[in-house]
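Quick note, the sequences are listed as chains A and B, same order.
Letter by letter, the first sequence follows residues 1087 to 1589 of our numbering.
Letter by letter, the second sequence follows residues 9 to 331 of our numbering.
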Amino acid sequence: MEFLGYFGGVFEPVSFMLLLGGTIGGLILGATPGLSPTMAVALLIPFTFHLQPAQGLILLGAAYTSTVAGGAVSAILLKIPGAPANIATSLDGNAMAKKGEGARALHLSFLASGVGGVIGVLLLIFLTPVLAQWALAFSYSHLFWMAILGVTVIGSLDSKSFVKGLLSGCIGLWLSMIGFDDNLGAQRFIFADALAGGIHIIPALIGLFAIPQVMEMFAKGRANAAIEAIEVPKQSLLASIHELGQSMRSLSIGTIFGSIIGIIPGVGGQIAGLVAYDQARKFSPKKEKFGTGHPEGIIAAESANNAMVGPSLVPLLTLSIPGSPTAAVLLGGLIIHGIFPGSDLFDNHPQVAWTFINSMLIGQILMVIFGIYTAAWAARIARAPVPIMAAAVMVLALFGSYSVQQSMGDVYIMLSLGIGMFFLEKFGFSAAPLVLGLILGPIAESNFTTGSLIAQAQDGPIVYFMTGLLNMFLIFLVVASVAYSFWSNMVHGKSSKPMEARS
Amino acid sequence: MNRLIKSLLVGFAGLAMTATVALAEGYPERPIGVAVSYGAGGATDFQARIVTMVAGNEDVLGQPMYIVNKPGAGGRVGWNWFATEAEADGYTLSAYNIPHFIAQSIKGGVQYSKDSFEPIANWGADPAVVVVGKDSQFNTIQELVDYAKANPGKATLSGAGLFVGHHIAALQLEKATEAKFAYIPTKGGGAAAMKAVIAGDVVGGINNLSDAFRAREAGNVKILAVADIERSAEFLPDVPTLMESGYDVDNASVNFRGLMVKKGTPQEVIDKLSAKVPEMFANARVVKRMKAGGSPMKIMSRAEVQAMWEKRQETLTELLAGL
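If you want it as structure tokens, here you go:
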């Protein structure tokens, strides 16, 4: 309960102004395609030079929380996920916005983010010592199996056909191999300089999601513009809260998966949203509605990716090990003020540590308030006439992929992937499993090669990868997940065929 | 239409030529970009942001410097980009890491070498250290080396990647002790390598002095030795060098960081930068922030860095020849 004593620090005038500024600024930065939470926090670090350590961290903490949620705005309205965390949000969120229910989608997304986020930070406050040990328990073999577990959900993610889902995933896994292999230094599939560093995830996301959509809009032509315009019904906040209350299943699945995955260093927030989305779908009685603008999909994805924010800082704050790129940037923000995370932080600078954590708690709530307040206006974006929309998305896509590392190579990669995806979509493939493959490939690969090197020095790969309680448990989950997919494909395969024909 | 384009092109070419002539006099007239070949949050990125923060002051360069991250493939992506695509006009600088880029160019597969760049000045030197977990059975470097001799290939040492300072230190340690270690390059830089040590995934590790110092302050690791020619009086006065412990390992693995420009940059620009940049690194505010962050500083002039690059090129060519 130590944290309660430090709430005063958050409400000091300067600190609170920073918290407000960080939250609103974070929402805007998060909603800008190409600016991931990591970049947003890195951009703010120079501002903290002139602040007290606690104030600097309030700014960074608030920005981190709200950029993750802000990414949902462009994911829902423009179908450009701001960061990997928002991929799953775009699946149902954008479908809903296209039906004219953008405000409803934004309400649900911010409310679910808020609930997940607050629970995540509370976990950080109360369970930090326990969770720190849990984070260390994951070694290379476990992370490898975690990534394989992720691969098993590929087939069922946002695809009408199990086989096509798996094929998309394989394309993603192959794309992830391009570039220098960091472990062994091998060069793979590098035919152009732009590919030497591999395919950066942000330009890939923008290309795979935004470009096919733009091409679709151009293909339809200007004539159809009038038909597309839909009246946006007013969405009352109470109705949204009521709807969230009815979706307790998705909300708890999202929060639980987000927190658990968030703690594991190196896997982090990238896949939390997608895994939670897939699980919520499997447990839902209305499976077939997912992907068509179903509120439960948004709720699961957004509660998961904000629930991960708090726990993802556990390894950083207790062991001084940054578990994610964003945590690494926050570490820089701390040590620049001469504060080293670890026992030093909580013993010698408790006012800094607790003020920072409290500011994330308050930040979550402010984020919900501002997000909802602006949702009604932001949702009108989805009503823009098709030609204007297509041009705007195109500009944002180019700007976003260039700005990640100021490289034209990334823009070409983005465009090539986008054009490729347009044709793949014509054949019934979808982008989400492909992106999941792209994210999971390097995690599985690098942990396998590093694990194998360690295994050679120990008792060999079979003992290293197959024995031990955690390994066995994860292998069991992998087998169960594959078996479930096969079973449900067999059972539902026949009955869903007529559906497929219709759509 | 075609003629219009042609005349425009000719016009632009003319403009570009006058620009090059005028460039050296008023330099710098606009903000200067600094490419960092590692991601945001890494030690190089973090330090580059600190040492360039006063560039905009009137008595320094009068124009701010901003950081552009070009991470990938252990730094190869950023330096390849800098060597092939960046403009040699003094408005794009790059941070260098020695021995990384020299070792990579010796191993091949990249489009740069020592001669593609011109050093400006050095700001920091981060030696590699040997660390083990806090509960490890080893308390001295001798005990670790004895274990490696008794169990060839079983003593795993984590490090930030291939052909970076950590890898060089591991190679030198193997050569000097004639023991066989298993070097484990981790993806995710020094932080991931440190995590492997703290979690007990590996027997020990080679890591940056600055990161190891923080991990020891947090009570997570023991530091057994420093791979440098003298002890770190400021941060780790109690830790012996490998040399003191009887192993012939010099400072070839020390991670030097500084700023460089592309070859072909006008001499006036190089002169102005190499006069002003060391002063910028020595600025009291910069020094204070670097010290607070546990980042060891070592300011070296352009001439000193040129000599250091030459020497590294020789040592590393010899060391990597057998691989």
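From the three backbone atoms N, C-alpha and C, an ideal C-beta is built for every residue, glycine too.
| Asked | Found |
| --- | --- |
| Using only CA atoms, which one of B:Phe289, B:Gly197, B:Val59 lies nearest to B:Phe171? | B:Gly197 |
| For B:Gly141, count neighbouring Cβ atoms within 10 angstroms of its own Cβ and tell me buried if that reaches 16, exposed if not. | buried |
| Tell me the DSSP bridge mates of A:Ser1333? | Paired residue(s): none; A:Ser1333 is not in a bridge. |
| In this structure, how does DSSP classify B:Leu244 when only helix, strand and coil are distinguished? | strand |
| Give the residues from the region 222–246 of chain B that approach chain A closer than 9 Å (Cβ to any Cβ), ordered along the chain. | Arg222, Ala223, Glu225, Ala226, Gly227, Asn228 |
| Pick out whichever of A:Val1481, A:Asp1244, A:Leu1402, A:Met1494 has its Cα sitting closest to the Cα of A:Pro1215. | A:Leu1402 |
| Along the chain, where does the beta strand (DSSP E) that runs through B:Lys306 open and close? | 305–308 |
| Ignore the nearest five residues each way along the sequence and tell me which others in B:Ala24's own chain have a CB closer than 7 Å to its CB. | Only weak support is given to the placement of B:Ala24: the predicted model assigns it a pLDDT of 47, under 50, and the value that follows is read from those uncertain coordinates. Within the same chain, B:Ala24 has no close Cβ partners at all. |
| In this structure, does DSSP put B:Ile75 in helix, strand or coil? | strand |
| Just to make sure I have the definition right: I need the residues of chain B whose C-beta is within less than 9 Å of the C-beta of A:Leu1539. Which are they? | Thr164, Ala190, Tyr191, Ile192, Pro193 |
| Alpha carbon to alpha carbon, what distance is there between A:Ala1566 and B:Pro107? | 48 Å |
| Does the Cβ-Cβ distance between A:Gly1112 and A:Gly1156 come in under 8 Å? | yes |
| Alpha carbons only, please: which of A:Gln1273, A:Pro1289, A:Ile1288, A:Ala1290 is nearest the one belonging to A:Ala1282? | A:Gln1273 |
| Whose C-beta lies closer than 7 Å to the C-beta of B:Tyr191 among residues of the same chain, with five residues either side of it excluded? | Leu165, Gly167, His175, Ala178 |
| Can you list the alpha helix (DSSP H) stretches of 4 or more residues lying completely in the region 1365–1442 of chain A, in chain order? | 1381–1393, 1395–1398, 1400–1405, 1411–1421, 1429–1434 |
| Under three-state DSSP, which class holds B:Ile40? | strand |
| Any idea what DSSP makes of B:Met268, helix, strand or coil? | strand |
| Relative to the C-alpha of A:Ile1505, which candidate in A:Ile1292, A:Gln1492, A:Ile1297 has its C-alpha closest? | A:Ile1297 |
| Within 10 angstroms of its Cβ, does B:Arg57 collect 16 or more other Cβ (buried), or is it exposed? | buried |
| Would you mind telling me which residues of chain B sit closer than 7 Å to A:Ala1171, beta carbon to beta carbon, in chain order? | Ordered by position in chain B, no residue passes the 7 Å Cβ test against A:Ala1171, which lies about 17 Å from the chain. |
| Measuring CB atoms only, is the region 121–137 of chain B touching the region 1233–1240 of chain A, in the sense that at least three cross pairs come out at less than 8 Å? | no |
| Is the Cβ-Cβ distance between A:Asn1172 and A:Ala1161 less than 8 Å? | yes |
| With 8 Å as the threshold, decide whether the Cβ of A:Ile1421 is near any Cβ in chain B. | yes |
| Taking a contact to mean a Cβ-Cβ separation below 8 Å, would you say A:Leu1163 touches A:Gly1142 in this structure? | no |
| Return no unless some Cβ of chain A is closer than 8 Å to the Cβ of B:Met73. | no |
| Going by C-alpha to C-alpha distance, which of A:Leu1556, A:Trp1463, A:Leu1294, A:Pro1519 sits closest to A:Phe1508? | A:Leu1294 |
| Can you tell which of B:Val295, B:Gly169, B:Leu267 has its C-alpha closest to the C-alpha of B:Trp87? | B:Leu267 |
| Quick one: is A:Pro1436 near chain B, going by C-beta distance under 8 Å? | no |
| Rounded to a whole number of angstroms, what is the C-alpha to C-alpha distance between B:Arg310 and B:Ser240? | 24 Å |
| Below 7 Å CB to CB, which residues in the same chain sit around A:Ser1538 once its five sequence neighbours on both sides are set aside? | Pro1547 |
| For B:Gly132, which of helix, strand or coil comes out of DSSP? | strand |
| I need the DSSP call for B:Arg224, collapsed to helix, strand or coil. | helix |
| What is the DSSP secondary structure of B:Leu250, reduced to helix, strand or coil? | coil |
| By Cβ distance, which residues of its chain are closer than 8 Å to B:Val247, with the 5 residues on each side in sequence left out? | Val137, Ile231, Leu232, Ala233, Val234, Arg239, Ser240 |
| For chain B, is any of its Cβ atoms less than 8 Å away from the one on A:Leu1217? | no |
| Do you know how far the Cα of A:Leu1194 is from the Cα of A:Ser1262? | 33 Å |
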